[in-house]
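Below you'll find the structure, written out as structure tokens, and then a few comments.
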């Protein structure tokens, strides 16, 4: 009986270690499976050139930290900002299509 109890406790601890909550920066959430790249406002941190294309569909799902709803990535690797901070007519259409606006 004691062996069964020890095995059960070990199994519970192992499962908890495997399924630890993923930590993300403020304004981001962890997604275990996303099929699209995130939308970014600008190509580079200097904010000189806007991103012109909608996010690409990925061949396989990817896990990671993604901007919360209503926020978009400032630039690749940048922080999440309100979508209205990089808004123009074309972007508004993309965000509406993605359900972010």
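Numbering (mature numbering (1 follows the signal peptide of the UniProt record, and there is no 0)), first residue to last: -17 to -1, 1 to 84.
Don't be surprised by glycine CBs; every beta carbon is placed ideally from N, CA and C.
If you're wondering where the values come from, they're calculated on a predicted model, not measured in any experiment.
When burial is assigned at 16 or more other CB atoms within 10 Å of the CB, is residue i buried or exposed?
i	result
residue 54	buried
residue 41	exposed
residue 16	exposed
residue 36	exposed
residue 9	exposed
residue 56	buried
Just verifying my parser: in three-state terms, what is the DSSP assignment at residue i?
i	result
residue 65	strand
residue 78	helix
residue 24	coil
residue 35	coil
Measure the C-alpha to C-alpha separation of residue i and residue j and round it to an integer number of angstroms.
i	j	result
residue 66	residue 83	8 Å
residue 31	residue 5	33 Å
residue 28	residue 12	22 Å
residue 85	residue 60	What the structure shows of the chain is the stretch from -17 to 84, and residue 85 is not part of that stretch, so it cannot be assessed.
Note the first and the last residue of the continuous beta strand (DSSP E) segment covering residue i.
i	result
residue 6	Neither: residue 6 is in no beta strand (DSSP E) and is coded neither H nor E.
residue 41	40 to 50
residue 56	54 to 56
Can at least three beta-carbon pairs, one atom from the region 40 to 53 and one from the region 7 to 20, be found at a separation below 8 Å? Yes: the two stretches touch, three or more of their Cβ pairs being nearer than 8 Å.
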